[in-house]
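If you read the sequences in order, they're chains B and X. Count the first sequence with this note's numbering and you get residues 3 to 240, in order. Count the second sequence with this note's numbering and you get residues 3 to 240, in order. By construction, the Cβ of each residue, glycine as well, lies at the ideal position given by its N, Cα and C atoms. These figures come from a predicted structure and were not determined experimentally.
2 protein chains.
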Amino acid sequence: MTTRPRSTAGAGPARGRRRSSHSLDAVLDATVQLLDEAGGAALTFRSLAARLRTGVGTIYWYVASKEELLDRATDHALGPVLEAIDAVPEGEDPIDDLRRMAIVLFDAIVERPWLSAYFMRSMEIQVTSLRLYERLGRPTLRMDLTPRQRFHAVSAVTGFAVGTAADLGQEPPEAMLDDGADRDELLHRYADRWRALDADDYPFVHDIVDEFDGHDDVDQFRAGLELILAGLRLEAAG
Amino acid sequence: MTTRPRSTAGAGPARGRRRSSHSLDAVLDATVQLLDEAGGAALTFRSLAARLRTGVGTIYWYVASKEELLDRATDHALGPVLEAIDAVPEGEDPIDDLRRMAIVLFDAIVERPWLSAYFMRSMEIQVTSLRLYERLGRPTLRMDLTPRQRFHAVSAVTGFAVGTAADLGQEPPEAMLDDGADRDELLHRYADRWRALDADDYPFVHDIVDEFDGHDDVDQFRAGLELILAGLRLEAAG
DNA sequence: ACCTGAACACCGTTCAAGT
DNA sequence: ACCTGAACACCGTTCAAGT
Numbered sequence: 003m004t005t006r007p008r009s010t011a012g013a014g015p016a017r018g019r020r021r022s023s024h025s026l027d028a029v030l031d032a033t034v035q036l037l038d039e040a041g042g043a044a045l046t047f048r049s050l051a052a053r054l055r056t057g058v059g060t061i062y063w064y065v066a067s068k069e070e071l072l073d074r075a076t077d078h079a080l081g082p083v084l085e086a087i088d089a090v091p092e093g094e095d096p097i098d099d100l101r102r103m104a105i106v107l108f109d110a111i112v113e114r115p116w117l118s119a120y121f122m123r124s125m126e127i128q129v130t131s132l133r134l135y136e137r138l139g140r141p142t143l144r145m146d147l148t149p150r151q152r153f154h155a156v157s158a159v160t161g162f163a164v165g166t167a168a169d170l171g172q173e174p175p176e177a178m179l180d181d182g183a184d185r186d187e188l189l190h191r192y193a194d195r196w197r198a199l200d201a202d203d204y205p206f207v208h209d210i211v212d213e214f215d216g217h218d219d220v221d222q223f224r225a226g227l228e229l230i231l232a233g234l235r236l237e238a239a240g
Numbered sequence: 003m004t005t006r007p008r009s010t011a012g013a014g015p016a017r018g019r020r021r022s023s024h025s026l027d028a029v030l031d032a033t034v035q036l037l038d039e040a041g042g043a044a045l046t047f048r049s050l051a052a053r054l055r056t057g058v059g060t061i062y063w064y065v066a067s068k069e070e071l072l073d074r075a076t077d078h079a080l081g082p083v084l085e086a087i088d089a090v091p092e093g094e095d096p097i098d099d100l101r102r103m104a105i106v107l108f109d110a111i112v113e114r115p116w117l118s119a120y121f122m123r124s125m126e127i128q129v130t131s132l133r134l135y136e137r138l139g140r141p142t143l144r145m146d147l148t149p150r151q152r153f154h155a156v157s158a159v160t161g162f163a164v165g166t167a168a169d170l171g172q173e174p175p176e177a178m179l180d181d182g183a184d185r186d187e188l189l190h191r192y193a194d195r196w197r198a199l200d201a202d203d204y205p206f207v208h209d210i211v212d213e214f215d216g217h218d219d220v221d222q223f224r225a226g227l228e229l230i231l232a233g234l235r236l237e238a239a240g
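What follows is the structure, encoded as structure tokens:
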């Protein structure tokens, strides 16, 4: 919508020599820092400008909007994740490789929940996302699958990893945090409420409540991932 | 944090006779309407108050914060979904039942993407979410699984459905919508860009690009769901 | 070419004042 | 018990003015 030259691709300080006191990289570094320190809600142009010791307007030289800032910051932070995934050695079993990569991706997003919101959103800005997708998909090339099956399988694995990690990253509703309760305490409180429900109305909830109470999110992710991978193995064998 | 009595559970117009010109239900109806019409970003207390023909302050009589408003609106909108899931008849194969329910849930969220953000966030406010979870889980009681396996399986299915639907619900980045391009056009544009990439660097992307181009999101979800269900069937058979 | 910060048009939330 | 809307403390974004 805006026609200012600095909002077009390739403009800004990216091309040409740089005389500026800041740089896109510096802006993104500071953005990632703020995001890590206080989460997505705390990132404002004012706080970012303060950290960079400039005026708010300066940021708009490097980035056309907050959306673009977050797109770029996400891609920026995905760099090390791509490296970690590249470091996964090719093994005998392609499914083992896929599992390893999915876990690396999942762990990265759990550590930085704000990543999930913009991950793979803009393929033009986010080159790293596409590279990640490529790496995750490569093991499936060694399996006896159609392109369509590969596409669906890799999308399912990444979608499940990102979706699950995003869910975990959500901080619990404020109402539950009035007192200084930690995660285990919250789970336990919910569990007790579930146990108080009528067992005839909630047979499933009663069946699993002990598993829910104190459960580890990582276990939950891995179990779901195993189901997908088992289904995939079956598909390739058929 | 606030100590106003109306923010505590059970306060407000919920208990006692109602003489008010509005009601929590009316507020939630209007909220859902606005959400449907214009998406999560368009919902403001001012627009909601305008629709209800009141002042902004009035809404705070029924709800302590925007967070609570969205929690309650989500639960409110989940009512019909629960009914639809209850209408799924119990069949021979529990996995078929689970599949049907998952698809109902998925479809509901695709239709109302804003649901995903608050789904299952607050178990105290969202009674309907818990009921949904119960229904989704019931088929697994008829399968030869441990409670832990059930817990993991149902969490995986709901997580995958909600996560995938949420992803689809994201509107594409503004930069891609400059002209009046529709979804197919966007997919096609991305696909062409992918085809232009070096085939040696991106073998997987090249392998699946024709599947990506013009793909149907629902197919993608169903394929992933089948992988999970196949894995689950295997687990129950083992 | 890059930076600045006041100004604009919004937000969610509060609260004294009304009925 | 319920409603009102001005006021407060924020936002993202713009832009004339600086170097």
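Delimiting residues of the alpha helix (DSSP H) encompassing residue i
i        : result
Trp63/X  : 58-64
Pro115/X : Neither: Pro115/X is in no alpha helix (DSSP H) and is coded neither H nor E.
Leu36/X  : 26-40
Glu94/B  : Neither: Glu94/B is in no alpha helix (DSSP H) and is coded neither H nor E.
Ile230/X : 219-239
Glu85/X  : 68-88
Ile127/X : Segment: none, Ile127/X is in no alpha helix (DSSP H) and carries neither H nor E.
Gly165/X : 149-171
Asp186/X : 185-197
Asp215/B : From DSSP, Asp215/B is part of no alpha helix (DSSP H); its letter is neither H nor E.
Arg48/B  : 47-54
Status (buried if at least 16 other CB within 10 Å, exposed otherwise) for residue i
i        : result
Val106/B : buried
Val58/X  : exposed
Val129/X : exposed
Gln222/B : buried
Gly171/X : buried
Arg137/X : buried
Arg123/B : buried
Arg114/X : buried
Arg144/B : exposed
Arg133/B : buried
Any non-hydrogen atom of the ligand HEM within 6 Å of residue i CB
i        : result
Met145/B : You won't find the ligand HEM in this model; it holds no ligand whatsoever.
Whole-angstrom C-beta distance between residue j and residue i, which should lie under 8 Å
i        : j        : result
Thr75/B  : Leu37/B  : Contrary to the premise, residue 75/B reads as Ala rather than Thr in this sequence. Right, the Cβ-Cβ distance comes to about 7 Å (below 8 Å), so this counts as a contact.
Gly161/X : Gly216/B : Not confirmed; about 19 Å, so no contact.
Ile210/X : Gly139/B : 7 Å
Leu50/B  : Ala155/B : That pair is no contact at about 39 Å.
Thr56/B  : His24/B  : 7 Å
Phe153/X : Phe214/B : 6 Å
Asp77/B  : Ser131/B : 7 Å
Asp212/B : Pro149/X : 7 Å
Beta-carbon spacing of residue i, residue j below 7 Å
i        : j        : result
Ala110/B : Val83/B  : yes
Tyr135/B : Asp73/B  : no
Leu192/X : Met125/B : It should be pointed out that residue 192/X corresponds to Tyr in this sequence rather than to Leu. In contact: Tyr192/X and Met125/B (Cβ atoms closer than 7 Å).
Asp32/X  : Arg53/X  : Rather than Asp, the amino acid found at residue 32/X in this sequence is Ala. Yes. Within cutoff.
Leu236/X : Ala232/B : yes
His208/X : Ala201/X : yes
Residue i versus residue j - alpha carbon distance
i        : j        : result
Asp146/X : Leu199/B : 24 Å
Leu100/X : Tyr64/B  : 49 Å
Phe206/B : Val164/B : 27 Å
Arg224/B : Asp27/X  : 40 Å
Ala167/X : Val112/X : 5 Å
Glu39/X  : Asp169/B : 26 Å
Ile97/B  : Phe108/X : 27 Å
Ala238/B : Ile87/B  : 23 Å
Glu228/B : Ser157/X : 13 Å
Ala70/B  : Glu173/X : In the sequence as presented, Ala is not what sits at residue 70/B; that position holds Glu. Taking the straight line joining both Cα atoms gives about 14 Å.
Glu92/B  : Gly240/X : 29 Å
Thr60/B  : Val29/B  : 10 Å
Gly42/X  : Trp116/X : 6 Å
Ile127/B : Trp196/B : 45 Å
Arg185/X : Asp219/X : 11 Å
Gln35/B  : Glu85/X  : 45 Å
Gln151/B : Gln151/X : 26 Å
Glu94/X  : Val159/X : 20 Å
Ala183/X : Tyr62/X  : 40 Å
Arg48/X  : Glu187/B : 37 Å
Lys68/B  : Ala44/X  : 17 Å
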